[in-house]
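The structure appears below as structure tokens.
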Amino acid sequence: MDVDQSALKGWFELLLAVSSVGGTIAALRVTVTFLKAEFAELKKSTRADITGIQTEIKQIGQILITQADMRGEIKVLETRIDAAERDIRDLRIGGRPPSSMPPPTCGREIAPTNLAPRPRP
1 MDVDQSALKG WFELLLAVSS VGGTIAALRV TVTFLKAEFA ELKKSTRADI
51 TGIQTEIKQI GQILITQADM RGEIKVLETR IDAAERDIRD LRIGGRPPSS
101 MPPPTCGREI APTNLAPRPR P
């Protein structure tokens, strides 16, 4: 049985090429599996990060709302203080009575019944 050396060499090269392609395919499968696991882990951590960021944004929103409420209250207090200062200045210079004070009654209380006309005798 005489074996052709060139045919044997061709078969050997074919076998070597097939095993090389098989090794490459196996390496690619391992790489793809590894990348899938990496991306799945990255996706989980990204979701956790986004959830944390959303929570922080909500907290910042609440802080800003509280600050706006406080600024509104401060504005109301400033308005009241300005009115009180104006009333004090007016009282010092003898001007009009403060708007927040009732009109003077000369030390006596006027009852609403005193305002009704008296019947004539």
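Using the UniProt record's numbering, the first residue of the sequence shown is number 1, and each one after it goes up by one.
The beta-carbon is built from N, C-alpha and C at its ideal position, and this holds for glycine as well.
From a predicted model like this one, the values you see are computed outputs, not experimental measurements.
Pick helix, strand or coil for residue i, following the three-state DSSP scheme.
i     : result
Gly94 : coil
Asp87 : helix
Asp49 : helix
Asp69 : helix
Asp4  : coil
Which residues in the same chain have their Cβ closer than 6 Å to the Cβ of residue i, if we skip the five residues on either side of it in sequence?
i     : result
Gly52 : none
Ser20 : none
Within the same chain, show all residues whose beta-carbon is closer than 7 Å to that of residue i, passing over the 5 residues directly before and after it, in chain order.
i    : result
Lys9 : none
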